[in-house]
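Scroll down for the structure; my scribbles are underneath it.
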Amino acid sequence: MKNWTKPEKTVYFAVLTFSVFLGLTEDVSAMHIMEGYLPLVHCILWGVICLPFAAHGFITLKHISIEKPQTMILLAMSGAFIFVISSLKIPSVTGSCSHMTGTGLSAILFGVSSASVLGIIVLIFQAVLLAHGGLTTLGANTFSMAIAGPILAFLIYRLGQKRNINRKITVFFAAALGDIFTYCITSLQLALAYPSNEGGIIFSAGKFLGVFAPTQIPLAVMEGLITVLVVMGMENFALPELRALGFVGKEEL
Amino acid sequence: MCKNKVTAFILTALVLLIALVPLFALKGAEFGGSDDAGSQIVESIQGNYEPWFTPVLETLIGGELPGEIESLFFCVQTGIGVGIIAYSFGYLAARKKYKGDNQV
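Protein chains in written order, with the numbering used here: chain A, 775 to 1027; chain B, 16 to 119.
If you want it as C-alpha cells, here you go:
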C-alpha cells in the first residue's frame, strides 16, 4: 500500500469507511451456503464486509501487474488452481462429497486480498452457471472461502517462515488449515442465521460443524498435499518469479 | 532434484489414496454433496425452510439444472483451470530447458 497513488488510496478508504459504517449501524444478531438460505440482512452484511477486501485486492493486483509483470503467470496459475480444485467433488470418509477451496496458494504467494479477488471470480462462476453457492450468498461465501481461509493460511505461512520451519511443511499446514477454517466459518455463518431453539448459536454452529468437519478433514489434507506439489513445481521452474514476489529469498537455492 | 521427484511421487500417491479409499471402503454410500447436508440441518432446526431466492440459471430455464449439464459445467470449469496451469508449467519448463540455468 506504500506506493499506491492518491486516487487508489481514496477509493480504498472510501469503501472501507462505507463498509465499517454499514457494518456498525446494523445490529448483527448475527461450504458454500446455498442460494436463498441466508436472510437478506446477513447477505448484505457479509457482502459489505467483503467489499474492502475486494477493493484492496483489485488495487494490489493492479500494482503487481505493473510493477512485477513477470509474476502474472503465477497469478494466472493460482487463479486456475482455485478453478480446478474447487470444481472437483471428492468422496470423503463420511460417505458424502465435498470440494476443496484452493485459495491457500494464492494467499501465500500474493497476499490475502489478491486471493479474495481470485476467489470471488470462481464463486461467481459457480453461482451463475452451476447453481452451486449463490448470488445472494456470494458475500458470505466470499468471506469464508476467499477471506477467512486465506487469512489463516497467510498467517500460518508467515509464522512458519519466521520460525524457519521447512517451507514444504509450512505450505502444507497453511493450505490445509485454511481449508478447514473456511468450513468453520461457513458453519458459524449458518449458525448465526439459524440459531437452534435449545442451545442458541453455539449449539447450532456445533451441529453444522459436525456435518462439515469430518467430511472436510481428509480433503483439507489433500489440499495441503496438492498445494505443496504445485509450490514444488513453481520452485523448480519459476524461481525468478517467486523471487520477485519475495516468496524465496535472494540467497536461497 | 532427484529427491524432489521422490517427494512429488509420494505426495501424488497420497492424494490419490485419500481420494479413492472412501469410494472402496464405504460401499453403497450415496456421496451426496455436504452443501446439501447443510440445508438438511437448516430444515431440522427451522422446520420447513423455503429458500427465498432460486438460482438465476434455474429461474431462466424454469427448473433444476439437469445432472448431466451440471457435470458439463463442472468439467468446463476444471478444463479452463487445467488448461491455464498446463500451459504455464509447459511455458516455464521449456524456458528453463532452453535458456539454461544462468538466468535463474
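A virtual CB, placed ideally from N, CA and C, is assigned to each residue, including glycine.
I want to verify the contact list: residues of chain B whose CB lies under 9 Å from the CB of residue i, in sequence order.
i, result
"A:Glu782", "Within 9 Å Cβ-Cβ: nothing; A:Glu782 doesn't reach chain B, min ~28 Å."
"A:Pro826", "Per Cβ cutoff of 9 Å: no residues; A:Pro826 is ~25 Å from chain B at best."
"A:Ile864", "Ile33, Ala34, Pro37"
"A:Met1006", "Asn19, Thr22, Ala23, Leu26"
"A:Leu1028", "Because chain A in this structure spans residues 775 to 1027, residue 1028 of chain A falls outside the shown range and cannot be described."
"A:Phe955", "Those do not exist, as A:Phe955 stays about 16 Å from chain B at its closest Cβ, beyond 9 Å."
"A:Ser839", "Going along chain B, no residue has its Cβ under 9 Å from A:Ser839, so there is no contact; the nearest lies around 16 Å."
Among residues of its own chain, excluding the 5 on either side of residue i, which ones have a beta-carbon nearer than 6 Å to its beta-carbon?
i, result
"A:Ile921", "Phe827, Ser890"
"A:Gly876", "Phe855, Ile856, Ile859, Ser860"
"A:Leu892", "Gly853, Ile856, Ser880"
"A:Asp801", "Note that A:Asp801 scores a pLDDT of 38, beneath 50, so its modelled location is shaky; the value from the coordinates is reported in the next line. Counting only Cβ-Cβ distances below 6 Å, and skipping sequence neighbours, we find nothing."
"A:Gly934", "Thr944"
"A:Gly1020", "none"
"A:Lys842", "Ala1018"
"A:Thr779", "none"
Mind pulling the chain B residues with CB within less than 7 Å of residue i?
i, result
"A:Thr845", "Residues of chain B passing the Cβ test: none, with the nearest at roughly 12 Å."
"A:Phe899", "Gln92"
"A:Met851", "Ile99, Ile100, Ser103"
"A:Ser888", "Those within 7 Å of A:Ser888 in chain B number zero; the least Cβ separation is about 16 Å."
"A:Val867", "Pro37"
"A:Leu903", "Leu72, Phe88"
"A:Leu819", "In chain order: nothing, as chain B lies at least about 16 Å away."
"A:Leu1019", "By Cβ distance, chain B contributes nothing, its closest Cβ being about 14 Å from A:Leu1019, past 7 Å."
"A:Leu879", "Residues of chain B passing the Cβ test: none, with the nearest at roughly 11 Å."
Residues of chain A with a CB under 9 Å from the CB of residue i: which are they?
i, result
"B:Val8", "Summary: the structure shown does not reach residue 8 of chain B, with chain B confined to residues 16 through 119, and so no result is reported for it."
Note down, in chain order, every chain A residue with its Cβ under 7 Å from the Cβ of residue i.
i, result
"B:Lys151", "As shown, chain B starts at 16 and ends at 119. That puts residue 151 of chain B outside it, with no answer to give."
Is the CB of residue i under 8 Å away from at least one CB in chain C?
i, result
"B:Phe104", "Looking at the structure shown, chain C is missing, and the protein chains on hand are A and B."
Excluding the 5 residues flanking residue i on each side, which residues of the same chain have their C-beta closer than 7 Å to its C-beta?
i, result
"A:His906", "His806, Gln900"
"A:Thr960", "Met805, Ile807, Ser918, Phe986"
"A:Pro813", "Ala967"
"A:Leu1016", "Met1008, Glu1009, Val1022"
"B:Ala109", "none"
"A:Pro969", "Ile975, Ser978"
Just to confirm before moving on: does the CB-CB distance between residue i and residue j stay below 8 Å?
i, j, result
"A:Leu912", "A:Leu897", "yes"
"A:Phe884", "A:Ile939", "no"
"A:Ala927", "A:Gly973", "no"
"B:Val57", "A:Leu964", "yes"
"A:Thr910", "B:Phe68", "yes"
"B:Val30", "A:Ile882", "no"
"A:Val1002", "B:Ile33", "no"
"A:Thr868", "A:Pro988", "yes"
"A:Glu997", "A:Ala949", "yes"
"A:Ser888", "A:Gly923", "no"
"A:Met775", "B:Asn19", "no"
"A:Val886", "A:Ile833", "no"
"B:Pro37", "A:Gly810", "no"
"B:Leu75", "A:Val902", "no"
"A:Leu825", "A:Val794", "no"
Considering only residues of the same chain and omitting the five flanking positions on each side of residue i, which have a CB-CB separation below 8 Å?
i, result
"B:Leu107", "none"
"A:Val1004", "Met851, Phe855, Leu879"
"B:Val119", "Residue confidence is low: B:Val119 scores 47 on pLDDT, short of 50, so the model does not pin down where it sits. No coordinate-derived value is stated."
"A:Leu862", "His873, Met874"
"A:Ser870", "Thr989"
"A:Pro865", "Cys871"
"B:Tyr102", "none"
Starting from residue i, find everything on chain B with Cβ-Cβ shorter than 8 Å and list it in chain order.
i, result
"A:Met919", "Chain B residues near A:Met919: none, gap ~12 Å exceeds 8 Å."
"A:Ser842", "For the sequence presented, residue 842 of chain A should be read as Lys rather than Ser. By Cβ distance, chain B contributes nothing, its closest Cβ being about 16 Å from A:Lys842, past 8 Å."
"A:Phe857", "Gln92, Thr93, Ile95, Gly96, Ile99"
"A:Ala854", "Ile95, Gly96, Val97, Gly98, Ile99, Ile100, Ser103"
"A:Tyr786", "Per Cβ cutoff of 8 Å: no residues; A:Tyr786 is ~28 Å from chain B at best."
Subject >> the region 62-90 of chain B: positions lying closer than 7 Å to chain A by Cβ >> reply: Pro66, Trp67, Phe68, Thr69, Pro70, Val71, Leu72, Glu73, Leu80, Glu85, Phe88, Phe89
Subject >> Interface residues of the region 986-1004 of chain A facing chain B [CB-CB below 7 Å] >> reply: Phe986, Thr989, Pro992, Val995, Met996, Leu999, Ile1000, Val1002, Leu1003
**OP:** Starting from the N-terminal side, write out each stretch of the alpha helix (DSSP H) that is 4 residues or longer and does not extend beyond the region 803-857 of chain A.
**Re:** 814-841
Subject >> Near-chain B residues of the region 919-946 of chain A (beta-carbon distance less than 7 Å), N- to C-terminal order >> reply: none
**OP:** Can you check the region 889-951 of chain A for any alpha helix (DSSP H) of at least 4 residues that lies completely inside it and give the ranges in chain order?
**Re:** 912-915, 923-936
**OP:** Entirely within the region 962-1016 of chain A and at least 4 residues each: give me those alpha helix (DSSP H) ranges in chain order.
**Re:** 974-1011
Subject >> Length at least 4, wholly inside the region 66-96 of chain B: the alpha helix (DSSP H) runs in chain order >> reply: 71-76
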